[in-house]
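Chemist: For reference, the structure I am asking about is given below.
Numbering (my numbering), first residue to last: 5 to 237.
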């Protein structure tokens with residue numbers, strides 16, 4: 005930014021000098037036109053020369069003006085790009101942007117396939133506890149994004165038991181669960197690998213270099229909170 009200000013100052017100074025020189029040239033032409041008749045021929049030549057210099061300076065001023073506008077636009081473009089990049093980063097953090105990257109995929113299936121298993125309320129409790137536990141430890145391992153059955157997990161996500169299934173972000177879902185996680189593969193795998201031996205569920209963990217996690221589609225309405233604008237207080 006300091007470098008930008010220096011360049012801007014130099015261009016402005018050049019313009020100022022050129023404009024000042026142009027005014028001096030015009031004054032010289034006026035003085036020459038009022039000189040005695042004996043010097044008429046010399047004056048005419050001088051006027052012609054000064055006129056040519058004036059036109060040349062005017063063209064130079066135009067070119068410098070274009071350069072200045074171009075430079076101002078480049079500064080604004082850089083600021084705009086920076087703001088857009090910052091906005092995209094916060095959209096990714098909050099979950100309102102679809103993202104992709106390396107990470108792991110955790111597949112959770114029911115271990116048994118019979119009526120007693122599905123009708124057991126304890127199984128539902130175990131499922132909810134397992135999902136909540138996995139999400140929490142993944143966050144501890146600095147997971148950058150998490151989804152369960154393509155439903156983005158954010159700070160506003162609720163995992164609730166609803167009858168014989170679950171509600172995640174207001175959408176009904178159940179096993180099999182596919183939990184996709186973007187982040188450092190080694191860290192994520194290490195913190196989750198001990199879960200593969202479970203008495204209720206069949207759990208598999210795989211690494212992937214190309215995981216896509218959808219954006220959070222639920223709109224959050226702030227009824228009481230307001231942003232603090234810098235300088236407003």
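Glycine included, C-beta positions come from ideal geometry on N, C-alpha and C. Predicted model only: the values in this text are computed from it and were never measured.
How far does the beta strand (DSSP E) with residue 155 in it reach, from first residue to last?
Modeler: Element bounds for residue 155: 155 to 157.
Chemist: Who does residue 216 pair with in a DSSP beta bridge?
Modeler: Partner(s): 104.
Chemist: My understanding is that residue 216 touches residue 104, with C-beta atoms under 8 Å, so please give their C-beta distance in whole angstroms.
Modeler: Right, the Cβ-Cβ distance comes to about 5 Å (below 8 Å), so this counts as a contact.
Chemist: Select from 220, 190 and 191 the residue whose C-alpha is nearest the C-alpha of residue 172.
Modeler: Ranking 220, 190 and 191 by Cα distance to residue 172 puts 220 first.
Chemist: Is the distance from the Cβ of residue 212 to the Cβ of residue 86 below 8 Å?
Modeler: Going by C-beta atoms, residue 212 is not nearer than 8 Å to residue 86.
Chemist: Going straight from the alpha carbon of residue 96 to that of residue 102, what length do you get?
Modeler: Those two C-alpha atoms are separated by around 7 Å.
Chemist: With a floor of 3 residues, list each beta strand (DSSP E) that falls wholly inside the segment 181 to 214, ordered by position along the chain.
Modeler: Counting whole runs of 3 or more residues, the segment 181 to 214 contains the beta strand (DSSP E) stretches 181 to 186.
Chemist: Between which two residues does the beta strand (DSSP E) containing residue 152 stretch?
Modeler: Residue 152 -> beta strand (DSSP E) spans 149 to 152.
Chemist: Can you grab the Cα-Cα spacing for the pair residue 33 / residue 53, in whole Å?
Modeler: Unreliable placement is indicated for residue 33, whose pLDDT of 46 sits below 50; no coordinate value is reported for it.
Chemist: Taking the alpha carbon of residue 180 as the point to measure from, which residue in 167, 153 and 229 has its own alpha carbon closest?
Modeler: Answer by Cα proximity: 153.
Chemist: Could you check what DSSP says for residue 63 in three-state terms: helix, strand or coil?
Modeler: It is helical.
Chemist: Restricting to Cα atoms, I'd like to know which of 100, 124 and 133 is closest to residue 199.
Modeler: Nearest C-alpha to residue 199: 133.
Chemist: Mind checking who residue 170 pairs with in its DSSP beta bridge?
Modeler: The partner list for residue 170 (beta bridge, DSSP) reads 165 and 177.
Chemist: Measuring alpha carbon to alpha carbon, tell me which residue in 110, 67, 69 and 61 is nearest residue 183.
Modeler: Checking every option, the nearest Cα to that of residue 183 belongs to 110.
Chemist: Buried or exposed, going by whether 16 or more other CB atoms sit within 10 Å of the CB of residue 151?
Modeler: Flag for residue 151 reads buried.
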